[in-house]
């Protein structure tokens with residue numbers, strides 16, 4: 004197993020390289036002179052030239068890429084001019100908040116999505132199946148930012164069950180219960196779409212598995228139907244559900260950008276949007292590379308989970 | 313195409329989606345012609361008018377602009393941007409996919425590596441990076457959304473193209489001297505267009521959502537121009553005081569995306585052949601029972617008796633009568649062979665006993681199965697479950713498919729025991745090892761932790777047998793357990809079953825198509841044809857002197873060792889399809905002795921000679937009679 008993990012980690016290196024190249028190339032597409040873009044059109048030519056030199060923009064592309072990459076590998080993501088702070092420090096601070104939000108949403112959507120899919124498949128064409136299918140359709144069609152706004156309106160403003168926004172209370176203790184009450188609405192809003200997608204795929208994976216011969220064998224053994232569904236069928240269906248979970252983690256991470264905006268959550272997504280509006284290129288660049296790299300590592304964890312579940316995968 | 317449209321129409325939800333989408337598109341198209349207020353004219357005196365107020369059907373926004381007008385213009389813009397992004401992504405993605413799939417080799421490798429890299433991003437990060445580089449704006453948002461969706465199309469289309477690129481008609485086109493570009497345009501493209509359309513119909517909803525999302529973040533359309541997303545984004549600050557300004561655009565996005573998703577699902581379903589055949593329905597825990605006519609009563613003290621059993625498959629408006637009234641019985645220590653060609657209904661008969669026929673589409677429509685006098689057909693689930701594997705156990709064909717691939721054989725054996733007896737884990741494990749030993753698996757202590765894929769076919773079949781023996785059942789129903797095995801292993805398995813029967817007094821129903829197996833193992837044999845028993849009797853008698861023409865023809869198909877001179881005679885024709893069974897004898901069309909009488913009436917299974925029964929009006933004479 005350790006060997007397999009190592010192998011997957013090594014295979015991630017070219018992907019990480021690719022990611023850095025793609026980000027670099029996109030950032031190099033910035034029309035005109037980046038220094039002018041940063042300093043604005045009223046900047047003096049001397050200042051522009053100085054900034055270009057500071058940013059290393061006077062060197063050829065390939066050289067610039069390797070300098071940038073080398074610096075990043077040493078933990079130097081550059082300095083954000085809008086925050087006047089090291090990019091990596093800012094990203095790390097913000098990433099924790101995003102991780103709490105997206106991680107909670109991911110756990111929620113995995114649990115609810117799989118459960119809904121299994122129940123839906125086990126009761127195919129029954130009332131529960133129809134209700135779940137409709138709920139899923141609604142869930143995958145509603146924009147998460149709109150859902151989040153409606154949730155604020157109903158559960159925070161009208162019913163006053165949860166705070167309207169933010170991660171911590173302005174006054175009062177920053178303890179777990181405060182975090183949970185602030186987390187509940189954004190995590191739910193973020194989980195809804197992915198729950199729908201996972202429920203859908205779990206349902207079809209379960210239907211596929213339930214027709215297999217080994218399910219008939221389990222029934223012929225006299226295994227209770229509950230156990231046929233939740234242990235025999237689900238275990239086999241997980242082989243096709245787990246990769247979907249990996250993909251959905253990416254969607255949850257993406258959706259977090261909207262949810263962070265709606266709920267004023269101090270995460271990476273909001274930081275990126277602010278940075279884009281302020282044209283703080285280094286901050287955008289560093290944030291994107293960092294989050295994408297984390298996502299690649301997460302997908303390796305998914306592969307490892309898959310190999311632990313399925314003994315037929317050679318480790 | 314026509315059947316596709318009618319299928320789509322039959323799916324009411326998809327039709328609903330199509331109608332809603334049609335209406336929305338129509339509204340968006342005629343928006344410039346409608347007598348609407350100017351969407352961009354501000355009038356701060358009239359700000360935040362509530363819906364249904366005078367002069368503003370949906371109210372006004374924070375700058376006093378008419379919301380209805382802004383909604384329709386915003387919808388127009390959102391749809392246009394979403395469709396445009398979809399078309400750009402589909403065109404570029406398809407082009408990349410076709411090139412990669414068509415040329416293959418290194419081109420393919422490099423392109424697909426790049427696509428994989430792009431797919432390694434959470435999609436919005438890529439979109440944000442692109443917008444960051446190009447700057448906020450609706451056109452740039454469109455480019456970003458299209459760009460992040462290109463890999464999806466490229467990968468899908470490449471898969472299809474690879475399949476097409478190796479077809480004969482492509483080779484033919486090459487040989488006829490056509491250029492690559494012409495081949496791609498005239499031969500490849502027409503074949504991938506349907507796939508592109510499907511992929512578009514499933515992603516266009518996403519594209520509209522994503523562009524709306526970017527606008528919502530303030531990175532898409534810039535004021536005063538507004539699409540649905542930026543309307544929602546601007547309304548956010550007034551969410552609590554004036555929620556209607558948020559609800560109006562948000563609900564519109566929901567309606568559009570939902571209609572597109574319904575339609576997309578309908579398109580996908582209409583094109584999925586598995587759904588058409590009903591093959592995607594899941595079998596229920598027991599076979600459905602809808603018995604017509606009187607239920608036969610139990611008679612005598614037979615261990616297991618099937619009486620007039622009828623099982624059908626109901627697929628759409630067709631009914632396949634797989635089992636058309638079968639009587640069988642078996643007593644302790646006895647082995648009954650059931651023999652017939654593929655599709656004769658022997659497996660369905662066997663599975664009907666414990667309600668294991670996949671249902672839907674299977675339905676038991678008549679007869680009874682008496683186990684010690686108690687009718688199992690229509691018995692409550694819990695009663696059947698308690699008997700399954702405990703008193704009446706199955707051995708199935710092809711143990712690779714019938715054993716669970718992700719559990720060790722030990723766990724599967726332990727579960728078989730613990731489904732019926734409250735063993736603790738260690739006891740059950742010891743029992744499992746004992747079971748593996750009893751079916752002569754070497755190194756049982758190690759093998760118990762193996763997964764099915766780590767074992768040979770013969771070993772797996774032994775595990776299947778061990779599982780059937782787990783609770784010391786009274787009846788074993790073996791459904792072609794040796795068909796997938798080679799001859800030596802087959803002989804070992806058969807002698808194993810034979811020993812078990814003698815040692816434990818098991819009753820065995822042995823389903824097979826192999827007379828050699830019947831001769832080796834079975835006391836009695838029943839021959840099935842087209843869902844009915846055509847001959848039944850002691851194995852010796854039937855092997856020596858088959859009375860039904862079908863039995864004798866079936867036996868003539870079996871090669872015999874050392875009798876090289878006899879000609880192997882295949883039976884001419886094919887068995888009848890069981891949804892259109894002929895009147896009278898089902899074998900009539902293939903029988904060399906057929907008379908008009910055969911086809912005119914239902915022929916009963918009648919006693920014939922000592923202990924034999926045959927369903928034929930002109931059976932072969934019994935040996936004794938022939939000898940006289």
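Chains as they are written, first to last, in my numbering: chain A, 4 to 318; chain B, 313 to 940. Idealized CB from N, CA, C, for every residue including glycine.
Using 10 angstroms around the beta-carbon of residue 196 of chain A, count the other beta-carbons present and answer buried if the total reaches 16, otherwise exposed. Answer is buried; the Cβ neighbour count reaches 16.
Original post:
Which residues mark the beginning and the end of the beta strand (DSSP E) in which residue 647 of chain B is found?
Top reply: Counting along the chain, the beta strand (DSSP E) containing residue 647 of chain B begins and ends at 647-651.
Does the beta carbon of residue 217 of chain A come closer than 7 angstroms to any beta carbon on chain B? Cβ-Cβ to chain B under 7 angstroms: yes for residue 217 of chain A.
Open item on the list: Just verifying my parser: in three-state terms, what is the DSSP assignment at residue 850 of chain B?
Closed with: Looking at residue 850 of chain B - three-state DSSP - the assignment turns out to be strand.
_By the three-class DSSP mapping on this structure, what secondary structure does residue 765 of chain B have?_
Helix at residue 765 of chain B.
Review point. Going by Cα to Cα distance, which pick from B:908, B:465, B:779 is closest to residue 427 of chain B?
Key: When only C-alpha atoms are compared, the closest one is B:465.
message = Can you give me the C-alpha to C-alpha distance between residue 146 of chain A and residue 472 of chain B, rounded to a whole angstrom?
response = Rounded to the nearest whole angstrom, the CA to CA distance from residue 146 of chain A to residue 472 of chain B is 32 angstroms.
Sheet register partners of residue 924 of chain B (DSSP bridge)
Within the DSSP secondary-structure output, residue 924 of chain B pairs in a beta bridge with B:920.
With DSSP as the reference, identify every bridge partner of residue 686 of chain B, one or two as the case may be. BP columns for residue 686 of chain B point to B:683.
Using 10 angstroms around the beta-carbon of residue 311 of chain A, count the other beta-carbons present and answer buried if the total reaches 16, otherwise exposed.
-> Burial state of residue 311 of chain A is exposed, judged by a 10 Å Cβ sphere holding fewer than 16 other Cβ atoms.
When the Cα of residue 82 of chain A is compared with those of A:290, A:302, A:229, which residue comes out closest?
In terms of Cα proximity to residue 82 of chain A, the closest of A:290, A:302, A:229 is A:290.
Next on the checklist: Using 7 angstroms as the threshold, is the C-beta distance between residue 547 of chain B and residue 33 of chain A below it?
Outcome noted: It is not a contact, given that the beta carbons lie outside the stated cut-off.
**Prompt:** If you drop the 5 nearest sequence neighbours on each side, which residues of the same chain put their C-beta closer than 8 angstroms to that of residue 901 of chain B?
**Reply:** Same-chain partners within the cutoff: 885, 888, 894.
Rounded C-alpha distance that separates residue 266 of chain A from residue 745 of chain B: So the alpha carbons of these two residues sit roughly 59 angstroms apart.
Please look up how many angstroms separate the CB atoms of residue 539 of chain B and residue 386 of chain B, rounded, as I've assumed it's under 8 angstroms. Yes, they are in contact, since the Cβ atoms of residue 539 of chain B and residue 386 of chain B sit about 5 angstroms apart, within 8 angstroms.
* Compute the Euclidean distance between the alpha carbons of residue 530 of chain B and residue 56 of chain A, then round it to the nearest angstrom. => The alpha-carbon atoms of residue 530 of chain B and residue 56 of chain A are separated by roughly 32 angstroms.
Can you check whether the C-beta of residue 732 of chain B is within less than 7 angstroms of a C-beta belonging to chain A?
Answer yes: the Cβ-Cβ gap between residue 732 of chain B and chain A drops below 7 angstroms somewhere.
Give a yes or no on whether the C-beta atoms belonging to residue 299 of chain A and residue 439 of chain B are separated by under 7 angstroms. When the beta-carbon positions are compared, residue 299 of chain A and residue 439 of chain B stay at least 7 angstroms from each other.
Give me the residue from A:204, A:91, A:278, A:7 with the minimum Cα distance to residue 123 of chain A. Of all alpha-carbon atoms in A:204, A:91, A:278, A:7, the one lying nearest the alpha-carbon of residue 123 of chain A is that of A:204.
query = Rounded to a whole number of angstroms, what is the C-alpha to C-alpha distance between residue 226 of chain A and residue 727 of chain B?
reply = Rounded to the nearest whole angstrom, the C-alpha separation of residue 226 of chain A and residue 727 of chain B is 8 angstroms.
Mind checking residue 331 of chain B: buried by the 16 CB within 10 Å criterion, or exposed?
Label assigned to residue 331 of chain B: exposed.
| request: Can you grab the Cα-Cα spacing for the pair residue 277 of chain A / residue 88 of chain A, in whole Å? | output: Counting only the Cα atoms, residue 88 of chain A lies some 15 angstroms from residue 277 of chain A.
Exercise. Applying a beta-carbon distance threshold of less than 9 angstroms, which residues of chain B neighbour residue 65 of chain A?
Worked result: Correct list: empty, because the minimum Cβ distance to chain B is about 18 angstroms.
Original post:
If you drop the 5 nearest sequence neighbours on each side, which residues of the same chain put their C-beta closer than 6 angstroms to that of residue 682 of chain B?
Top reply: The beta carbon of residue 682 of chain B sits closer than 6 angstroms to the beta carbons of 610, 617 from its chain, once the five residues preceding and following it are set aside; these are given in chain order.
DSSP state of residue 614 of chain B, grouped into three classes?
Residue 614 of chain B falls in the coil class under three-state DSSP.
Would you verify that the beta carbon of residue 251 of chain A is, or is not, closer than 7 angstroms to some beta carbon of chain B? Residue contact with chain B for residue 251 of chain A: absent (no Cβ-Cβ distance below 7 angstroms to any residue of chain B).
Notebook entry, point to check: Nearest to residue 340 of chain B by alpha carbon, out of B:323, B:383, B:837?
Noted result: B:383 is the residue among B:323, B:383, B:837 whose C-alpha sits nearest the C-alpha of residue 340 of chain B.
Are the C-beta atoms of residue 154 of chain A and some chain B residue less than 7 angstroms apart?
Residue-level contact check: residue 154 of chain A does not touch chain B, since none of the beta carbons of chain B fall below 7 angstroms from its beta carbon.
Margin query: Buried or exposed for residue 1 of chain A, going by 16 or more other Cβ atoms inside 10 Å?
Written below: Past the edges of chain A, shown from 4 to 318, lies residue 1 of chain A, and the structure says nothing about it.
- Query: On the three-state DSSP scale, how would you describe residue 620 of chain B?
  - Reply: In this structure, residue 620 of chain B counts as strand in the three-state DSSP scheme.
Should residue 3 of chain A go down as buried or exposed, given a rule of 16 or more other Cβ atoms within 10 Å for buried? No information on residue 3 of chain A is available, as it lies outside the stretch 4 to 318 that chain A covers here.
* Hey, quick one: how far does the alpha helix (DSSP H) through residue 810 of chain B stretch, first residue to last? -> 799-816 is the span of the alpha helix (DSSP H), which, as asked, contains residue 810 of chain B.
*Relative to the C-alpha of residue 781 of chain B, which residue among B:794, B:803, B:766, B:808 is closest?*
Of the candidates B:794, B:803, B:766, B:808, the one whose C-alpha sits nearest the C-alpha of residue 781 of chain B is B:808.
**Prompt:** Using the rule of at least 16 other Cβ atoms within 10 Å of the residue's Cβ for burial, across every protein chain shown, is residue 674 of chain B buried or exposed?
**Reply:** Classification for residue 674 of chain B: buried.
Report the residues of the segment 130-150 of chain A with a CB closer than 9 angstroms to any CB of chain B, ordered along the chain. Considering only beta carbons, the part of the segment 130-150 of chain A lying closer than 9 angstroms to chain B consists of 140, 141, 143, 144, 145, 146, 147, 148, 149, 150, in chain order.
* Residues that residue 257 of chain A contacts on chain B, provided the C-beta gap is smaller than 8 angstroms -> For residue 257 of chain A, the C-beta contacts it makes with chain B under 8 angstroms involve 434, 435, 436, 437, in order along the chain.
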